[in-house]
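Taking it in order: structure first as structure tokens, then the write-up.
In mature numbering (1 follows the signal peptide of the UniProt record, and there is no 0), the protein residues as written are -21 to -1, 1 to 144.
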């Protein structure tokens, strides 16, 4: 009986590990970027413009900034919780707040859609992120900051916490 239990436990562990490996393999960054372009056109384009250059003084650029090319967790957290001004990007101050995007655009409550649009931004406008952001990463950051009551401020973003181990 013990041998059967051990064999079943081993089989269960192997099945779970195989499923996890396949889910990571199944992530297709190129397809995510393509889907993200459509989401960007529905949600982000009015403020950040088709070029990703934003509107000076109001909406910051997404092209080549520390926020779009830096820590992917920070960018995820910014989209989930929003940002209160002022925010300095490329030596210019921006005074318009960014609301938590899932409350502004219900489509972004879906971790897949949010990952797609972040991948589009992090791989467009001259940006490059070969690793990509997965829906699981979105879910993890969403859980990590679910009790955060307010949008981020620039000082908080500058010292953004490292991932909890």
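The C-beta atom is built at its ideal place from N, Cα and C for all residues, glycine as well.
Host alpha helix (DSSP H) of residue 87 (start-end):
Residue 87: not part of any alpha helix (DSSP H); DSSP gives it neither H nor E.
Quick check: the Cα distance between residue 14 and residue 89, rounded to an integer number of angstroms?
Rounded to whole angstroms, residue 14 to residue 89 spans 13 angstroms at the Cα level.
Discussion item. Need the endpoints of the alpha helix (DSSP H) that residue 18 sits in, please.
Written reply: Residue range 8 to 22 is occupied by the alpha helix (DSSP H) that includes residue 18.
inquiry  = By the DSSP assignment, the alpha helix (DSSP H) with residue 59 in it spans what residues?
reply    = If you look at residue 59, you'll find it in the alpha helix (DSSP H) that goes 51 to 60.
- Item | Three-state secondary structure (DSSP) of residue 67 | Strand, per DSSP.
Output the distance between the C-alpha atoms of residue 140 and residue 78, rounded to the nearest integer angstrom. So the two alpha carbons sit approximately 21 angstroms from each other.
| message | Quick check for students: name the residue ranges of the alpha helix (DSSP H) that lie wholly in the segment 107 to 131, counting only runs of 4 or more. | response | Fully enclosed alpha helix (DSSP H) runs of 4 or longer: 114 to 123.
**Nonlocal neighbours in the same chain, by C-beta distance under 7 angstroms from residue 75, ignoring five residues either side** = Residues 37, 38 and 64 of the same chain have their beta carbon placed closer than 7 angstroms to that of residue 75, with the five preceding and five following residues left out of the count.
Checklist line | residue 43 versus 129, 118, 130 and 106, residue with shortest Cα-Cα distance | finding: Cα-wise, what sits closest to residue 43 is 106.
**Asked** Tell me which same chain residues have a C-beta within less than 6 angstroms of the C-beta of residue 112, skipping the five on either side of it?
**Response** If we look at residue 112 and ignore the five residues flanking it on each side, its Cβ neighbours are 51, 94, 97 and 98.
Practice task
Return helix, strand or coil for residue 80, following the three-state DSSP convention.
Solution key: Residue 80 falls in the helix class under three-state DSSP.
**Message:** I'd like the list of long-range same chain contacts for residue 60, defined as Cβ closer than 7 angstroms, with 5 residues on each side in sequence excluded.
**Reply:** Apart from the 5 residues on each side of it in sequence, residue 60 sits with its Cβ closer than 7 angstroms to the Cβ of 79, 124, 127, 130 and 131 in its chain, given in chain order.
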